[in-house]
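Step one of this worksheet: look at the structure below.
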C-alpha cells in the first residue's frame, strides 16, 4: 500500500510540475498569444479602488475625467452644491476609480458600484453614468434607495461620512482620502454643461 501511495504522490507531483512549466511558458508568450477569455478576472472590475494610485489629476485617463465631468454635470443639473459634487466624485474615486465597471464585489457595477440586487436599478441602469449619478445624488425619479440629498444633515457631515451614509461600504474610512483630488476635479470642471 505504501508503494502505491508513493507512486501516486510522485505521479501527482510530476503532473503539477509539468503543469507549472506549461503555465510559465504560456505566461511568457507574446501577450496577444494568451487569450483574455482563458484568463478569468481580467475585466476592469478588479481595478476598482486601485487606480489611480495618485492624488494628481494629471495622471487620470480621459475616461476617468469624462466620468468625473458627467458626475459633476448631473450635480449641476440638479442644482446641487459643489460640496455634493465633491462627495459624489470622492465616492466614485473610491468605488471604481472613476471607471464605469461592468462588475465588482457581488453584483456591484458602474461608477458607484451600485447593486441591482439592492434596488439600485438594473445592470444596464447602474452602468449608465447619468442614471447612476442621479441615483447617488438622490434625484433619480426611478430610484428607490436613499441618495445623498435624502440623508439628513449630509451638508454638515464630513464628506466621507456622507458618502458612507449613501453607500454603506465595508470600508467607510476610505472615502476621505479622495477629498483633495475630488476637490480639484470639481473645481476644475465647473465649465461642464448641466445634465438634467
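Numbering (my numbering), first residue to last: 8 to 203.
Idealized CB from N, CA, C, for every residue including glycine.
Computed from a predicted structure; not experimentally measured.
> Under 8 Å, do residue 158 and residue 146 count as touching if we go by C-beta distance?
Replying inline: In this structure, residue 146 does not lie closer than 8 Å to residue 158 by Cβ.
>> Quick check on DSSP: helix, strand or coil for residue 116?
In response: If DSSP states are grouped into helix, strand and coil, residue 116 belongs with the strands.
> Can you name the residues that DSSP bridges to residue 108?
Replying inline: Residue 108 pairs with 117.
>> Would you say residue 173 lies against chain C (beta-carbon separation less than 8 Å)?
In response: Absent from the structure is chain C; it holds one protein chain and no more.
>> Suppose you measure from the CA of residue 105 to the CA of residue 163; what does that come to, to the nearest Å?
In response: Looking at the backbone, the Cα of residue 105 and that of residue 163 are separated by about 25 Å.
>> If contacts are defined as beta-carbon pairs under 8 Å, then residue 152 and residue 140 qualify, I think. What distance do you get, rounded to the angstrom?
In response: In this structure, residue 152 and residue 140 do not form a Cβ contact; the two beta carbons are roughly 14 Å apart against a cut-off of 8 Å.
> Between which two residues does the alpha helix (DSSP H) carrying residue 93 extend?
Replying inline: Per DSSP, residue 93 belongs to the alpha helix (DSSP H) from 89 to 103.
>> Between which two residues does the alpha helix (DSSP H) holding residue 144 run?
In response: Counting along the chain, the unbroken alpha helix (DSSP H) around residue 144 starts and ends at 136 to 144.
>> Beta-carbon within less than 7 Å of residue 191's beta-carbon, same chain only, minus the 5 sequence neighbours each way: which residues are those?
In response: Only 64 meet the Cβ criterion.
> residue 199 and residue 72: beta carbons closer than 8 Å?
Replying inline: No, these two residues do not count as a Cβ contact at 8 Å.
> What is the DSSP secondary structure of residue 163, reduced to helix, strand or coil?
Replying inline: Correct three-state label for residue 163: helix.
> Excluding sequence positions up to five away, which residues of its chain have a Cβ less than 6 Å from the Cβ of residue 92?
Replying inline: Non-local C-beta neighbours of residue 92 in its own chain, meaning closer than 6 Å and more than five positions away in sequence, comprise 79, 82, 193, ordered along the chain.
> In angstroms, rounded to a whole number, what distance separates the CA positions of residue 182 and residue 166?
Replying inline: Approximately 8 Å, taken between the alpha carbons.
> So the alpha helix (DSSP H) residue 72 belongs to, where does it begin and stop?
Replying inline: Residue 72 -> alpha helix (DSSP H) spans 69 to 84.
> Near residue 84, which residues of its chain fall below 6 Å by C-beta distance, leaving aside the five closest residues on each side in sequence?
Replying inline: Correct list, in chain order: 201, 202, 203.
> By DSSP, does residue 52 sit in helix, in strand, or in coil?
Replying inline: Only weak support is given to the placement of residue 52: the predicted model assigns it a pLDDT of 41, under 50, and the value that follows is read from those uncertain coordinates. Look at residue 52 here: in three-state DSSP terms it is helix.
>> Closest to residue 117 by C-alpha separation, out of 90, 86, 132, would be which residue?
In response: Selected option, being the one with the closest Cα: 132.
> Whole-angstrom Cβ separation of residue 209 and residue 120, contact assumed at under 8 Å?
Replying inline: A question about residue 209 goes unanswered here, because the residues of the chain that appear run from 8 up to 203.
>> Whole angstroms are fine: how far does the CA of residue 154 sit from the CA of residue 168?
In response: Their Cα atoms are separated by approximately 13 Å.
>> Beta-carbon within less than 8 Å of residue 195's beta-carbon, same chain only, minus the 5 sequence neighbours each way: which residues are those?
In response: Cβ neighbours of residue 195 beyond the five flanking positions: 64.
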